[in-house]
């Protein structure tokens, strides 16, 4: 999916919600356990319940890979069931030496046909380049994350650098990552993960990467503010995919789980319409 298509879909539907299908098998409602594939049946009903209120779905692959071959099959069926109108993200956080990354890219872009995959930038440009070489596919690099451990590295101050083109004043590690990695791709094929609970940093983040899209987890169960994110980080093309996972898919643990998911997703949709104007 191209940037133009993604932006047009957001504008036409009035939502930039991404629903995270982080489906924990232990939380599947009891009445679905008789199905041959309870996780897939749960996902299928969640997709049907939320597709009118979101523009994207994010599958955290760990929840499927932990079940081995059966989980991988469930993930494939789930991706195939998502409407072709919607943007699909493999939240896999891959990244390795070039040849290995090339196979990761083929796995998620060709075999599974996702639109995007999350990638860790720690190993540098050659570990990311194979993902960026796919046409009309997106690489979503970890930038500033919501987890408490972000302070261990991402929020650490770096020493001034005398290298040409490097700033002489102190900067945070995540700022160096954003500035450097932005040059590896373009706003048409490169996004950044920016956690919703880091709202105080969104102004600085947008200044560093004014044209890029952000995948923003942390709204809902993690407490991020949709209004604050929208006010501080939206750009001329919206530039946001705000993800909600547990708050939507586990809004109810009973037989009404799909109806509850619809209500929560519709609530986000309505609020997003107000921010889009």
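Numbering (the numbering used here), first residue to last: 9 to 285.
Even glycine gets a Cβ: it sits at the ideal position worked out from N, Cα and C.
On a predicted model such as this, the values are computed, not experimentally measured, just so you know.
(request) Quick one: which unbroken alpha helix (DSSP H) runs of 4-plus residues sit fully inside the region 222-254? Chain order, please. (result) 234-241
(request) Could you please give me the residues that DSSP links to residue 68 through a beta bridge? (result) Here the question's residue 68 lines up with position 60 in the chain shown. DSSP lists 99 as partners of residue 68.
(message) Between which two residues does the beta strand (DSSP E) holding residue 80 run?
(response) Residue mapping note: residue 80 aligns to position 72 of the chain shown, counting from 1. Segment 76-89 is the alpha helix (DSSP H) holding residue 80; no beta strand (DSSP E) there.
(request) From the DSSP output, in three-state form, read off residue 15 for me. (result) What you label residue 15 is simply residue 7 of the chain shown in a count that begins at 1. If DSSP states are grouped into helix, strand and coil, residue 15 belongs with the helices.
(request) Please list the segments of the beta strand (DSSP E) lying wholly inside the region 112-172, counting only runs of 3 or more residues, in order along the chain. (result) 124-127 and 146-152
(request) Could you check the C-alpha separation between residue 124 and residue 136 for me, to the nearest Å? (result) The residue labelled residue 124 in the question sits at position 116 within the chain shown. The residue labelled residue 136 in the question sits at position 128 within the chain shown. Rounded to whole angstroms, residue 124 to residue 136 spans 13 Å at the Cα level.
(request) Mind checking who residue 202 pairs with in its DSSP beta bridge? (result) Indexing the chain shown from 1 puts residue 202 at position 194. DSSP output for residue 202 lists 152 as bridge partner(s).
(message) Could you tell me the alpha carbon to alpha carbon distance between residue 207 and residue 36, rounded to whole angstroms?
(response) Position 199 of the chain shown, counted from the start, is the residue given in the question as residue 207. Position 28 of the chain shown, counted from the start, is the residue given in the question as residue 36. If I take the Cα positions, the gap works out to 32 Å.
(request) Starting from residue 293, follow the alpha helix (DSSP H) in both directions and report where the run begins and ends. (result) Summary: the structure shown does not reach residue 293, with the chain confined to residues 9 through 285, and so no result is reported for it.
(request) For residue 22, I'd like the list of residues in its chain whose CB is within less than 8 Å of its CB, leaving aside the five on either flank, ordered along the chain. (result) In the chain shown, residue 22 corresponds to position 14, counting from 1. These residues qualify, in order along the chain: 277, 280, 281 and 284.
(request) Just the C-alpha distance for residue 11 and residue 76, rounded to the nearest angstrom, thanks. (result) For the purposes of this step, residue 11 is taken as the residue at position 3 of the chain shown. For the purposes of this step, residue 76 is taken as the residue at position 68 of the chain shown. Going by the C-alpha atoms only, they are around 34 Å apart.
(request) Tell me whether residue 102 is buried or exposed, calling it buried when 16 or more other Cβ atoms sit within 10 Å of its Cβ. (result) As a working mapping, residue 102 is identified with position 94 in the chain shown. Classification for residue 102: buried.
(request) Determine the closest residue to residue 110 out of 56, 232, 140 and 149, with distance taken between C-alpha atoms. (result) By 1-based counting over the chain shown, the position of residue 110 is 102. Comparing Cα positions, the closest option is 140.
(request) Take the Cβ of residue 18 as the centre, count every other Cβ of all protein chains shown within 10 Å, and call the residue buried at 16 or more, exposed below. (result) The residue you call residue 18 lines up with position 10 of the chain shown. Residue 18 is buried by the Cβ-count criterion.
(request) Just the C-alpha distance for residue 147 and residue 69, rounded to the nearest angstrom, thanks. (result) Along the chain shown, one-based indexing puts residue 147 at 139. Along the chain shown, one-based indexing puts residue 69 at 61. If I take the Cα positions, the gap works out to 16 Å.
(request) Measure the CB-CB distance between residue 252 and residue 87 and report whether it falls below 8 Å. (result) Counting from 1 along the chain shown, the entry for residue 252 is found at position 244. Counting from 1 along the chain shown, the entry for residue 87 is found at position 79. For residue 252 and residue 87, no; Cβs fall outside 8 Å.
(message) Judging by CA-CA distance, which residue of 226, 198, 91 and 127 is the nearest neighbour of residue 143?
(response) Taking the chain shown and counting its residues from 1, one reaches residue 143 at position 135. The candidate whose alpha carbon is nearest that of residue 143 is 198.
(message) Rounded to whole angstroms, what is the Cα-Cα separation between residue 286 and residue 150?
(response) Residue coverage of the chain in this structure runs from 9 to 285, which leaves residue 286 outside it and unanswerable.
(request) Compute the Euclidean distance between the alpha carbons of residue 262 and residue 40, then round it to the nearest angstrom. (result) Mapped onto the chain shown, residue 262 falls at position 254. Mapped onto the chain shown, residue 40 falls at position 32. Going from the Cα of residue 262 to the Cα of residue 40 covers about 10 Å.
(message) Between 192, 165, 187 and 190, which has its C-alpha nearest residue 179's C-alpha?
(response) Against the chain shown, residue 179 aligns to sequence position 171. That would be 165, whose Cα lies nearest to the Cα of residue 179.
(message) Once the 5 residues before and after residue 106 are set aside, which same chain residues still bring their CB inside 7 Å of it?
(response) Translated into the one-based positions of the chain shown, residue 106 becomes position 98. Once the five neighbours on either side are set aside, the close Cβ partners of residue 106 are 134, 135, 137 and 138.
(request) With DSSP as the reference, please indicate the residues paired to residue 179 in a beta bridge. (result) Within the chain shown, numbered from 1, the residue matching residue 179 stands at position 171. Answer is 166.
(request) Tell me whether the beta-carbon of residue 200 lies closer than 8 Å to the beta-carbon of residue 188. (result) Sequence index remark: in the chain shown, residue 200 carries index 192 (1-based). Sequence index remark: in the chain shown, residue 188 carries index 180 (1-based). In this structure, residue 188 does not lie closer than 8 Å to residue 200 by Cβ.
(request) May I ask which residues mark the beginning and end of the alpha helix (DSSP H) holding residue 55? (result) Here residue 55 corresponds to residue number 47 of the chain shown, with the count starting at 1. Segment 46-58, the alpha helix (DSSP H) holding residue 55.
(request) Please report how far the alpha carbon of residue 220 lies from the alpha carbon of residue 127, in whole angstroms. (result) For the purposes of this step, residue 220 is taken as the residue at position 212 of the chain shown. For the purposes of this step, residue 127 is taken as the residue at position 119 of the chain shown. When rounded, the distance between both Cα atoms is 16 Å.
(message) Short of 7 Å in beta carbon distance, which residues of its chain neighbour residue 269, apart from the five on each side in sequence? Order them along the chain.
(response) Your numbering for residue 269 matches position 261 in the chain shown. The residues are 54, 57, 58, 256, 257 and 259.
(request) Output yes or no for whether 8 Å exceeds the beta carbon distance between residue 213 and residue 120. (result) The sequence position of residue 213 within the chain shown is 205, counting from 1. The sequence position of residue 120 within the chain shown is 112, counting from 1. Contact flag unset, no.
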